[in-house]
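Colleague: Residue numbers (the numbering used here): 17 to 204.
Mind having a look at this structure? Questions to follow.
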Amino acid sequence: MFKDNQIIYRQGEIAKNFYYLKEGRVQAFVNSTDGLEKILAIYKKGEIFGEASFFDGFPRMSSAKTFSDSEIININKSDIMLYFQKEPLLALNFIELLSKKVRMLSNEIDNISFLPAEKRIAQYLLNVSLSTNCSIDRTHEDIGKAVGVSRVTVSRTLNKFSQYQWINTKYKKILVLNKNALLKFLET
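Okay, here's the thing in structure tokens:
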């Protein structure tokens, strides 16, 4: 059992295992040399994380810490290889999972490279709302770290979206009210 805000692994460590999140939430993030933190992903119950460095043998590119009290299962190389031999379909599912993560990261690079801040925030809200039934429990600071903008920019943008009635904001919770309006905003 991991407590809230507990480090699971650190950027630069050699991966000896990856993880299955049985209960709770985990945040994957990177730190820049000047101390800035960028959130890469927030994992929820039933998801795996830390698998990329596990398979390629290079040092971990990110760190991970719990976002709430969490139950996490360690998976080591000998166990997963045995499962892959017994269940080849599991290996294919893993390839599919890794492909989706590569696609997601490529999309994020495009967004950060080419989209202005307001559109990055709109894209983030749409992406997260797809897996959370339109309810997003993130702080403004978390969103800023995820899309590469300041908390002030996030607050200003969310207030604007709220005035347009595209979203409703409460303490640490955002409800997406009009996905179509956010999509149209992204297309302009």
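Even for Gly, the Cβ is constructed at its ideal location relative to N, Cα and C.
1. Return the CA-CA distance between asparagine 184 and alanine 80, expressed in angstroms with no decimal places.
2. Give the secondary structure of lysine 38 by DSSP, where H, G and I count as helix, E and B as strand, and everything else as coil.
3. Within its chain, find whatever has a CB closer than 7 Å to the CB of serine 86; leave out the 5 residues flanking it on each side and keep chain order.
4. Ends of the alpha helix (DSSP H) at glutamate 203?
5. Under DSSP, the beta strand (DSSP E) around threonine 82 begins and ends at which residues?
6. Report yes or no: do three or more beta-carbon pairs, one from the region 152-166 and one from the region 48-65, lie closer than 8 Å?
7. Does DSSP classify glutamine 43 as helix, strand or coil?
8. Just to confirm my understanding: we take phenylalanine 177, look at its own chain, exclude 5 residues before and 5 after, and list those with CB closer than 7 Å. What are they?
9. If you check the beta carbons only, do tyrosine 35 and glycine 66 fall under 7 Å apart?
10. Is the beta carbon of alanine 57 closer than 7 Å to that of alanine 68?
11. Give me the residue from Lys200, Thr173, Arg154 with the minimum Cα distance to lysine 186.
12. Which value, in whole angstroms, describes the spacing of the CA atoms of leucine 106 and cysteine 150?
13. Pick out whichever of Leu202, Phe100, Tyr140, Tyr25 has its Cα sitting closest to the Cα of asparagine 47.
14. Can you tell me whether DSSP reads glutamate 29 as helix, strand or coil?
15. Which runs of the beta strand (DSSP E) spanning at least 3 residues fall entirely within the region 120-167, listed in chain order?
16. Assign isoleucine 88 to buried or exposed, taking buried as 16 or more other Cβ atoms, counted over all protein chains shown, within 10 Å of its Cβ.
Modeller: According to the structure shown:
1. Their Cα atoms are separated by approximately 29 Å.
2. Note: lysine 38 maps to strand in three-state DSSP.
3. Cβ neighbours of serine 86 within its own chain (closer than 7 Å, five residues either side excluded): Phe18, Leu37, Glu39, Gly40, Arg41, Val42.
4. 195-203 is the span of the alpha helix (DSSP H), which, as asked, contains glutamate 203.
5. Start and end: 79-82.
6. With the cut-off at 8 Å, the region 152-166 and the region 48-65 touch.
7. DSSP, read as helix, strand or coil, puts glutamine 43 in strand.
8. Correct list, in chain order: Ile183.
9. In this structure, glycine 66 lies closer than 7 Å to tyrosine 35 by Cβ.
10. No; because the gap between Cβ atoms is not below 7 Å, this pair is not in contact.
11. Lysine 186 has its Cα closest to that of Arg154, out of Lys200, Thr173, Arg154.
12. Leucine 106 and cysteine 150: Cα-Cα distance of roughly 30 Å.
13. Considering only alpha carbons, the answer is Tyr25.
14. In the structure shown, glutamate 29 adopts coil according to DSSP, grouped into three states.
15. For the region 120-167, not a single whole beta strand (DSSP E) run of length 3 or above is found.
16. By the neighbour-count rule (16 or more Cβ atoms within 10 Å), isoleucine 88 is buried.
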